[in-house]
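Down below is the structure, laid out as structure tokens.
There are 2 protein chains.
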Amino acid sequence: MKELKDRILTDGKNMGGGILNVNSFLNHQVDCRLMVRIGQELASRFASDEVDKILTAEISGIAPALEVGVALGIPVVFARKIWSLTMPPDSFERMVPSRTKGTMVQLIVARDFLTPEDRVLVIDDFLATGKTIEALGTIVKESGAQLVGFGAVIEKAFEGGRQRLAPFDVPTESAVIIESMEDDKIVFR
Amino acid sequence: MKELKDRILTDGKNMGGGILNVNSFLNHQVDCRLMVRIGQELASRFASDEVDKILTAEISGIAPALEVGVALGIPVVFARKIWSLTMPPDSFERMVPSRTKGTMVQLIVARDFLTPEDRVLVIDDFLATGKTIEALGTIVKESGAQLVGFGAVIEKAFEGGRQRLAPFDVPTESAVIIESMEDDKIVFR
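Quick look at the structure:
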């Protein structure tokens, strides 16, 4: 997706250690028009897969997942990271490490919203180590729903996420793939 | 907004204590098509106000704010609640109580994304006590940007949020207003 590559080169910040700061257009400030086009791009990759639900993780997954959901005309479920009074105690639950926060976080999904009848596409902003998306895939499997594929806005290929997701044996699509971020550069595949 | 009132009566759960559970279509599972129409509805209320930026708070504010941003063709900034490696230490910051989580949470906005040139509309999912929206309004004022108004998807009029926001002297619009939630009922204005 050329528009997104150009935007990453213009406004993304390589902070070292494999951290790409896209706060100015993707996950603190959101360029809504770009996000709509990202949603359409990812939706087009799964257009023939009869997806009927999107699963993502709060927080930064919500915007791209919502626009994929709008493009496909289907609902989005976002896994919550903090228990609240409205979440049932028997919810699906996984622990995953947060890269940018340096802690473990929970992913929590109420059982009502993932059923064996669902065909689920998992969407997130980044595919890096793949641990968050792997946890979402595992929750889909546990629910008995059909896992259709994985979609990410930005894949950092050098962190091995795609290999981690290989055992699920479903298509993995990214709007852009970054091959390396060494020496302050950002090199796309 | 009749469609949203009907949906709240069909799928919302009055959990007592003024807590309305709308997890099935608004803030755990999101009905994307409904959210687009909510965004258009709130956008229409501020169509003549030359808004050029939306400010919201993660997590549940993101979806409605994004669709208002899409409808108006402008960017959305969502205040972060947890410090991460990508947030500058001089960011704007306020503490607010979280009703459903029973704790205090931070709202953090990087200075780069709110400037004196901006005309800012604050959007959130709920207007209840108004403390979150008040904190966002205060951040807008601190940034020197022009505060244009407040918009919420669901206002719980009996919690006094509108009175709390009155000192800002800007329009406050809600897609639906709930007058009372006593005795297991949901009564709209």
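The listed protein sequences correspond, in order, to chains X and A. FYI, the numbering used here numbers position 82 of the first sequence as 82, with every residue one higher than the one before it. FYI, the numbering used here numbers position 66 of the second sequence as 66, with every residue one higher than the one before it. Ideal Cβ placement from N, Cα and C applies to all residues, glycine included.
Quick check on the DSSP output: the beta strand (DSSP E) that includes residue i runs from which residue to which?
{"i": "T132 (chain X)", "result": "Element bounds for T132 (chain X): not the beta strand (DSSP E) but the alpha helix (DSSP H), K131 to S143."}
{"i": "K156 (chain A)", "result": "Q146 to K156"}
{"i": "L55 (chain X)", "result": "K53 to A57"}
{"i": "R119 (chain A)", "result": "R119 to L127"}
{"i": "P97 (chain A)", "result": "F92 to P97"}
{"i": "S174 (chain X)", "result": "T172 to S180"}
{"i": "T10 (chain A)", "result": "From DSSP, T10 (chain A) is part of no beta strand (DSSP E) but of the alpha helix (DSSP H) over K2 to D11."}
{"i": "V70 (chain X)", "result": "No beta strand (DSSP E) holds V70 (chain X); the alpha helix (DSSP H) holding it covers I62 to L72."}
{"i": "V76 (chain A)", "result": "V76 to A79"}
Can you tell me the Cα-Cα spacing of residue i and residue j, whole angstroms?
{"i": "V30 (chain A)", "j": "S98 (chain X)", "result": "24 Å"}
{"i": "T132 (chain A)", "j": "M1 (chain A)", "result": "23 Å"}
{"i": "Q106 (chain A)", "j": "I62 (chain A)", "result": "16 Å"}
{"i": "G119 (chain X)", "j": "D118 (chain A)", "result": "Note that residue 119 (chain X) is Arg in the sequence shown here, rather than Gly. Approximately 42 Å, taken between the alpha carbons."}
{"i": "T172 (chain A)", "j": "F25 (chain A)", "result": "23 Å"}
{"i": "T103 (chain A)", "j": "T86 (chain X)", "result": "15 Å"}
{"i": "A71 (chain A)", "j": "M181 (chain X)", "result": "35 Å"}
{"i": "P89 (chain A)", "j": "L20 (chain A)", "result": "35 Å"}
{"i": "L121 (chain A)", "j": "D49 (chain A)", "result": "9 Å"}
{"i": "V96 (chain A)", "j": "E3 (chain X)", "result": "38 Å"}
{"i": "K81 (chain A)", "j": "R80 (chain X)", "result": "14 Å"}
{"i": "P116 (chain X)", "j": "A47 (chain X)", "result": "21 Å"}
{"i": "C32 (chain X)", "j": "C32 (chain A)", "result": "15 Å"}
Quick one, are the C-beta atoms of residue i and residue j less than 8 Å apart?
{"i": "G130 (chain X)", "j": "R45 (chain X)", "result": "no"}
{"i": "I154 (chain X)", "j": "A175 (chain X)", "result": "yes"}
{"i": "V76 (chain A)", "j": "L42 (chain A)", "result": "no"}
{"i": "I38 (chain A)", "j": "K53 (chain A)", "result": "no"}
{"i": "L127 (chain X)", "j": "R162 (chain X)", "result": "yes"}
{"i": "V140 (chain X)", "j": "V51 (chain X)", "result": "no"}
{"i": "L66 (chain X)", "j": "L66 (chain A)", "result": "yes"}
{"i": "S60 (chain X)", "j": "K101 (chain A)", "result": "no"}
{"i": "L34 (chain A)", "j": "I186 (chain A)", "result": "no"}
{"i": "D184 (chain A)", "j": "N14 (chain A)", "result": "yes"}
Below 6 Å CB to CB, which residues in the same chain sit around residue i once its five sequence neighbours on both sides are set aside?
{"i": "V22 (chain X)", "result": "G12"}
{"i": "L114 (chain X)", "result": "S143 and A145"}
{"i": "F78 (chain A)", "result": "T56, E58 and I62"}
{"i": "Q40 (chain X)", "result": "A71"}
Apart from the five residues on each side of it in sequence, which residues of its chain come closer than 7 Å, Cβ to Cβ, to residue i?
{"i": "A157 (chain X)", "result": "I177, I178, E179 and R189"}
{"i": "V36 (chain A)", "result": "E67"}
{"i": "G16 (chain X)", "result": "none"}
{"i": "E159 (chain X)", "result": "G18, A128 and T129"}
{"i": "S91 (chain A)", "result": "I108, V109, A110 and R111"}
{"i": "I123 (chain X)", "result": "L42, I54, T56, G61, P64, A65, V68 and G151"}
{"i": "F168 (chain A)", "result": "G137 and L147"}
{"i": "N27 (chain X)", "result": "S60 and D125"}
{"i": "V170 (chain X)", "result": "L147, V148, G149 and F150"}
{"i": "R7 (chain X)", "result": "F25 and L34"}
Spatial neighbours of residue i within its chain, please: CB distance less than 8 Å, with the 5 preceding and 5 following residues excluded, ordered by chain position.
{"i": "K5 (chain X)", "result": "V176 and F188"}
Determine whether the Cβ of residue i lies closer than 8 Å to any Cβ atom of chain D.
{"i": "L26 (chain X)", "result": "Among the protein chains in the structure shown, which are X and A, there is no chain D."}
Provide the residue span of the alpha helix (DSSP H) that contains residue i, from first to last.
{"i": "I38 (chain X)", "result": "C32 to R45"}
{"i": "L107 (chain X)", "result": "Note, L107 (chain X): premise wrong, no alpha helix (DSSP H); beta strand (DSSP E) at T103 to V109."}
{"i": "G161 (chain X)", "result": "G161 to L165"}
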